[in-house]
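Just so it is clear: in the sequence shown, position 122 is 122 by UniProt numbering, and no numbers are missing.
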Amino acid sequence: MPRRPATVRARGLGAELRELREKSNLTTREVARMLGWSASTVSRTETGHRNISSEDVSALLAVYGVAGRERDHLLALAREANQPGWWETRHPGLPAQLTALIGFESQATRITDVALIVFPGLLQTADYARAVMEAAGISAVHAETRVATRLGRQAALSRPNPPQYLAILDEAVLRRPIGGRNTMAAQLRHVLNVAERPNVEVRVLPFDRGAHAGLAGSFVVLAFPKAPTIVHLEHKRSSLLLDEPGDVTAFTEAADLIRNVAFDPIRSAEFIAKVAAEYES
Numbered sequence: 001m002p003r004r005p006a007t008v009r010a011r012g013l014g015a016e017l018r019e020l021r022e023k024s025n026l027t028t029r030e031v032a033r034m035l036g037w038s039a040s041t042v043s044r045t046e047t048g049h050r051n052i053s054s055e056d057v058s059a060l061l062a063v064y065g066v067a068g069r070e071r072d073h074l075l076a077l078a079r080e081a082n083q084p085g086w087w088e089t090r091h092p093g094l095p096a097q098l099t100a101l102i103g104f105e106s107q108a109t110r111i112t113d114v115a116l117i118v119f120p121g122l123l124q125t126a127d128y129a130r131a132v133m134e135a136a137g138i139s140a141v142h143a144e145t146r147v148a149t150r151l152g153r154q155a156a157l158s159r160p161n162p163p164q165y166l167a168i169l170d171e172a173v174l175r176r177p178i179g180g181r182n183t184m185a186a187q188l189r190h191v192l193n194v195a196e197r198p199n200v201e202v203r204v205l206p207f208d209r210g211a212h213a214g215l216a217g218s219f220v221v222l223a224f225p226k227a228p229t230i231v232h233l234e235h236k237r238s239s240l241l242l243d244e245p246g247d248v249t250a251f252t253e254a255a256d257l258i259r260n261v262a263f264d265p266i267r268s269a270e271f272i273a274k275v276a277a278e279y280e281s
């Protein structure tokens, strides 16, 4: 069975606990022996794939000799680790992988979105999102819930200390008239407005670049202050979160290669404005 997606808070807490263990020069086996746990329990705690109580964290901190404000901070993280986010309380029933992705977006420090087919969810207008969902055969009632969720996700780009966001858009994304000319024109103008934010960079990958490192499909890379970087892949009926270092490295290297062959931000903005004008004419 697929492994339960780790929550953002659990991954962050786990990363801090792993850092403390390494500073203490202890192995997972040594910590497990001290606490009467298994080594896999310690490992799953550090990756965020295990529900952990504040009592468990307190025991770990005692082993690592942590006290004072740092102890209070980590115990607070433990109490919050499994609390639901707004996307789970307002829209219950969303797929587990989607709720995990939204949580990761809300905590990431850098997001790289390589989009080959449609505009990324973090850049979509409501009308464009509805048109995408209508084309996929999603009922109007369910579509509105998903649109609201998608728009709520976009708050990640304007939160305090927002992530550095890079969107690399294949020219096909700009040229595919989803929702009609008016919807596309408004969508392109929206992207130009978002791209004016200091933490947002948009690059266009034109057709004339030919083959490139992203031909296998769209993907998203999310980086965090302490927790390991992850990659999100989305398919029609499912999505996948990759966190194995080898898998993640392959995608981060691909993102760098694609970025280097795409237009720079200024030329990209000019290109997007030109295509928007074509839809408006």
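Using N, Cα and C, we set each Cβ at its ideal position, and we do this for glycine too.
Determine the burial state of Ala62: buried for a count of at least 16 other Cβ atoms within 10 Å of its Cβ, exposed for fewer.
Position 62 of the sequence shown, counting from 1, holds the residue named residue 62. Exposed, because fewer than 16 other Cβ atoms sit within 10 Å of the Cβ of Ala62.
Leu257: buried (16+ other C-beta within 10 angstroms of its C-beta) or exposed?
As a position in the sequence shown, residue 257 is number 257, starting the count at 1. That one is exposed.
Determine, using beta carbons only, whether Glu134 and Ala140 come nearer to each other than 9 Å.
If you number the sequence shown from 1, residue 134 lands on position 134. If you number the sequence shown from 1, residue 140 lands on position 140. Cβ distance < 9 Å, so Glu134 and Ala140 count as in contact.
Gly14 classed as buried or exposed, judged by whether at least 16 other C-beta atoms fall within 10 angstroms:
Taking the sequence shown and counting its residues from 1, the one referred to as residue 14 is at position 14. It counts as buried.
If the criterion is Cβ atoms closer than 9 Å, does the pair Gln187 and Phe119 meet it?
Numbered from its first residue, the sequence shown carries residue 187 at position 187. Numbered from its first residue, the sequence shown carries residue 119 at position 119. The answer is yes: Cβ separation under 9 Å.
So, for Ser24: in the same chain, excluding its five sequence neighbours on each side, which residues have a beta-carbon less than 6 Å away from its beta-carbon?
Your numbering for residue 24 matches position 24 in the sequence shown. Only Tyr64 meet the Cβ criterion.
Per DSSP, cross-strand counterpart(s) of Ser239
For the purposes of this step, residue 239 is identified with residue 239 of the sequence shown, where counting begins at 1. For Ser239, which the question treats as bridged, DSSP gives the partners Glu234.
Helix, strand or coil for Ile168? Go by DSSP, reduced to three states.
Residue numbering aside, residue 168 sits at position 168 when the sequence shown is read from its first letter. Reduced to three states, the DSSP call for Ile168 is strand.
As a quick exercise: from Ala78, Gly48, Glu270 and Ser40, pick the residue whose alpha carbon is nearest that of Ser58.
The count along the sequence shown starts at 1 and reaches residue 58 at position 58. The shortest C-alpha separation from Ser58 is found at Ala78.
Exposed or buried, Glu19, counting other C-beta atoms within 10 Å across all chains shown (16 or more means buried)?
Reading the sequence shown from its first residue, position 19 is the one you call residue 19. Glu19 should be labelled exposed.
Runs of alpha helix (DSSP H) wholly within the stretch 109–136 (minimum 4 residues, chain order)
126–135
Might you give, ordered along the chain, the residues of its own chain that have their beta carbon closer than 6 Å to the beta carbon of Ala276, omitting 5 neighbours on each side?
Taking the first residue of the sequence shown as 1, we reach residue 276 at position 276. Answer for Ala276: Ala185, Leu188 and Arg189, listed in chain order.
In terms of residue numbering, what span does the alpha helix (DSSP H) encompassing Ala186 cover?
Within the sequence shown, the letter at position 186 stands for residue 186. Ala186 -> alpha helix (DSSP H) spans Arg181 to Val194.
So, Glu156 versus Ser218, is the Cβ gap smaller than 9 Å?
What you label residue 156 is simply residue 156 of the sequence shown in a count that begins at 1. What you label residue 218 is simply residue 218 of the sequence shown in a count that begins at 1. One detail in the question is off: residue 156 reads as Ala in this sequence, not Glu. Cβ distance not < 9 Å, so Ala156 and Ser218 don't count as in contact.
Report the three-state DSSP secondary structure of Phe104 (helix, strand or coil).
As a first step, residue 104 must be located in the sequence shown, where it is residue number 104. Phe104: helix per DSSP, three-state reduction.
Is the distance from the Cβ of Arg46 to the Cβ of Arg29 below 9 Å?
The residue labelled residue 46 in the question sits at position 46 within the sequence shown. The residue labelled residue 29 in the question sits at position 29 within the sequence shown. The sequence shown places Glu at residue 46, not Arg. It is not a contact, given that the beta carbons lie outside the stated cut-off.
Whole angstroms is fine: what's the gap from Thr109's alpha carbon to Asn161's?
Taking the first residue of the sequence shown as position 1, residue 109 is located at position 109. Taking the first residue of the sequence shown as position 1, residue 161 is located at position 161. Distance between the alpha carbons of Thr109 and Asn161: 8 Å.
In three-state terms, what does DSSP make of Val66?
In the sequence shown, the residue the question calls residue 66 occupies position 66. Three-state DSSP puts Val66 in coil, outside helix and strand.
Taking all protein chains shown into account, decide if Ser53 is buried (16 or more other Cβ within 10 angstroms of its Cβ) or exposed.
In the sequence shown, counting from the first residue as 1, residue 53 sits at position 53. Exposed: under 16 other Cβ atoms inside 10 Å.
DSSP beta-bridge partners of Val220:
Position 220 of the sequence shown holds residue 220. BP columns for Val220 point to Asp113 and His232.
Between which residues of its own chain and Glu201 is the CB-CB distance below 6 Å, once the five residues before and five after are set aside?
The sequence position of residue 201 within the sequence shown is 201, counting from 1. Excluding sequence neighbours, Glu201 sits near Leu166 and Pro265.
Residue from Ala172, Ala129, Leu174 and His142 with nearest C-alpha to Arg153
Looking up residue 153 in the sequence shown gives position 153. For Arg153, the nearest C-alpha among the options comes from Ala129.
Return the CA-CA distance between Leu74 and Ile111, expressed in angstroms with no decimal places.
Position 74 of the sequence shown holds residue 74. Position 111 of the sequence shown holds residue 111. The alpha-carbon atoms of Leu74 and Ile111 are separated by roughly 26 Å.
Mark Phe251 as exposed unless 16 or more other C-beta atoms lie within 10 angstroms of its C-beta, in which case mark it buried.
The count along the sequence shown starts at 1 and reaches residue 251 at position 251. Label assigned to Phe251: buried.
How about Gly210 and Ile168: do their beta carbons lie closer than 9 Å?
If you number the sequence shown from 1, residue 210 lands on position 210. If you number the sequence shown from 1, residue 168 lands on position 168. No, they are not a contact pair.
For Pro206, which residues in the same chain have their Cβ closer than 6 Å to its Cβ, ignoring the five residues on either side in sequence?
Translated into the one-based positions of the sequence shown, residue 206 becomes position 206. Closer than 6 Å at Cβ, skipping near neighbours: Glu171.
Asn260 to Glu253, Cα distance in whole Å?
If you number the sequence shown from 1, residue 260 lands on position 260. If you number the sequence shown from 1, residue 253 lands on position 253. When rounded, the distance between both Cα atoms is 11 Å.
Taking Cβ positions, are Gly235 and Leu222 nearer each other than 9 Å?
As a first step, residue 235 is located in the sequence shown; it is residue number 235 there, counting from the start. As a first step, residue 222 is located in the sequence shown; it is residue number 222 there, counting from the start. Sequence inspection shows His at residue 235; the Gly mentioned does not correspond to that position. No. Outside cutoff.
Backbone secondary structure at Leu26 - three-state DSSP:
Taking the sequence shown and counting its residues from 1, the one referred to as residue 26 is at position 26. Here Leu26 sits in coil by DSSP.
Please report the distance separating the alpha-carbon of Asp72 from that of Arg146.
Within the sequence shown, residue 72 is the residue found at index 72, counting from 1. Within the sequence shown, residue 146 is the residue found at index 146, counting from 1. Taking the straight line joining both Cα atoms gives about 38 Å.
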